[in-house]
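Structure, as structure tokens:
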Amino acid sequence: MIDTTSRATQESYLDQGQQARQGRLRQWLTLLLLVYFLICAVSIVGDGFKLATGDHAERLFEFATNPFVALMVGIVATALIQSSSTVTSVIVALVAGGLPVAVAIPMVMGANVGTTVTNTLVSLGHVRNKDEFRRAFAAATVHDFFNLLAVVILLPIEILFGPLERMASVIAGLFYSDADLSMESVNVVGRATEPVTGLIERLASMLPGMMPGIAMILLGVALIFLCIRYIGKLLKALMVGRARQIMLSAIGRGPLTGVASGALVTLLVQSSSTTTSLMVPMAGSGAFTLRQIYPFTIGSNLGTTMTALLAATAISGPTAMLALEIAVVHLLFNLFAVVIIGGVPFLRLLPVKGAQWLGRVGAQRKALAAGWVLGVFIVLPALLIAVTVL
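Each number in the working numbering corresponds to the 1-based position in the sequence shown with 19 added.
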């Protein structure tokens, strides 16, 4: 009787294990399918933008030729959508459709700033406990201060001398050149996505006037948003446990380990917002100090750049190099920010001191904390855009 019961229990465990493996396999296959549709969506937006604007793409974005306005567009768009991956993927597609790279660069920088609003909102969950809120709000806003400082340093340099655009152009040119290894001659991704993108374009062409292009843009943006949203959910289910272990083992081991681990975890879950939001409750509880999580936070900026690089592989034709160029700009901007701010002791401490001060002020006056979120990410950028446009 005991043997029969034991055998039945073992068989039950085996069945559960097999079901779990099958479930994970389905999740991985779904993830691959979503990545495929993400790449298709980027191509659809680019093609739709070309159809809708023709040769007038630059005129459409004349309001954003002021780099500061373009920066604000990136901040507001990302703060509203709460996904820098979505915004940067759309920017890559728009560049493929004719958006000038010089206009897109400040938008990408703005997306970096706007993405920090998510973990700042997460910190508001600790608002009832003054000490917890002080620590959590400081942990969240250190990302704000770092990204704002990166923009303050690198945007003026880019406006004056254009080093990011120049370097990205050289790097992109290595992949799209006359050499035998050029990606342009063998665009496997473009051929793989052609059945879906071609079908969408044929269906949209039945609409009159400019509607085909507009319909493709709207459909592509919606598809990008949905794909990234569900990719994030799947990766959380598949990877967050492992990512959390990496994070816990890396924090406190030194700045280089923290930066590398932050990049790795963000690469695994494909969301810098998720990565940084995981740390806010830990900081609020006092498990880790602000200085311990700071390197991990800035490392998340590097990991999130992979989405734009992936999106750039969807583009083919004469604008493919430009799409890859803006994706590389995103990577270089974050890489230089880590090297410059992290490498200069005086600059390295500024985000920490700013976050500590804001954490103390926000804990004393909760309205100021709410004002920081609304003011930095919504009100101030929207006012600057409105003033410039009008």
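Every residue gets a Cβ at the ideal spot worked out from N, C-alpha and C, and that includes glycine.
Using a 10 angstroms sphere on the CB of A386, the tally of other CB atoms stays under 16, which defines it as exposed. Within the region 322-388, the complete alpha helix (DSSP H) runs of at least 4 residues fall at 324-331, 339-362, 364-383.
Ranking A339, L218, A158 by CA distance to the CA of V371 puts A158 first.
Assigned with DSSP and collapsed to three states, I176 falls in helix.
Ranked by Cα distance from A191, the first of L328, G362, W376 is L328. At a Cβ-Cβ threshold of 7 Å, A98 and V348 do not count as neighbours. For a cut-off of 8 Å, the C-beta gap from T105 to F244 is around 5 Å, short enough to register as a contact. In this structure T160 is in contact with L377, their Cβ atoms being roughly 5 Å apart against a cut-off of 8 Å.
Just so you know, the alpha carbons of L167 and I250 end up roughly 28 Å apart. Note on I176: under 16 other CB atoms within 10 angstroms of its CB, so exposed under the neighbour-count rule. Within the same chain, no Cβ atom closer than 6 Å to the Cβ of N148 is found once the five residues on either side in sequence are excluded. The alpha carbon of T135 has as its nearest neighbour, out of L403, F56, A374, the alpha carbon of A374. Per the Cβ contact rule, the region 310-323 is not in contact with the region 335-346 (fewer than 3 Cβ pairs under 8 Å).
Proximity to L70 across L90, Q38, P227, L143 peaks at P227, based on C-alpha coordinates. Between F152 and E213, the alpha-carbon positions lie close to 50 Å from each other. Within the model, the alpha-carbon separation for G303 versus S296 is close to 11 Å.
Contact between G93 and A130 holds: their C-beta atoms lie close to 4 Å from each other, under 8 Å. Between T338 and A96, the C-beta gap is not smaller than 7 Å, which leaves the two residues out of contact.
Residue ranges of uninterrupted alpha helix (DSSP H) with 4 or more members, entirely inside the region 93-127 and ordered along the chain, are 103-115. Residue environment: R154 is assigned as buried (16 or more neighbouring CB atoms within 10 Å of its CB, all protein chains considered).
The Cβ atoms of V88 and I404 lie closer than 7 Å to each other. A Cβ-Cβ separation of about 13 Å leaves I100 out of contact with M126 under the 8 Å criterion. At the C-beta level, S142 and F156 come within 7 Å of one another. Taking the C-beta atoms as reference points, V54 is found no nearer than 7 Å to A112.
Here P400 has M91, I94, V95 as same chain residues with Cβ atoms under 7 Å from its own Cβ, once five neighbours each way along the sequence are excluded. Taken atom to atom, the span from the alpha-carbon of F56 to that of L242 is near 8 Å. As the crow flies, the alpha-carbon of I124 is around 47 Å from that of Q38. Secondary structure of A306 (DSSP, three-state): coil.
Under the three-state reduction of DSSP, L52 is assigned to helix. For I172, same chain residues with a beta-carbon under 7 Å away, outside a window of 5 residues either side, are I359 in chain order. By the neighbour-count criterion, in which a residue is buried when 16 or more other Cβ atoms sit within 10 angstroms of its Cβ, S62 is buried. With respect to the 7 Å criterion, T139 and V392 are classified as neighbours on the basis of their beta carbons. Within the same chain, and ignoring the five residues on either side of G361 in sequence, the residues whose Cβ sits closer than 8 Å to its Cβ are P274, V278, P314, I317, R367. When the five nearest sequence neighbours on each side are left out, the beta carbons in the same chain lying within less than 7 Å of the beta carbon of V240 are those of V64, V109, in order along the chain.
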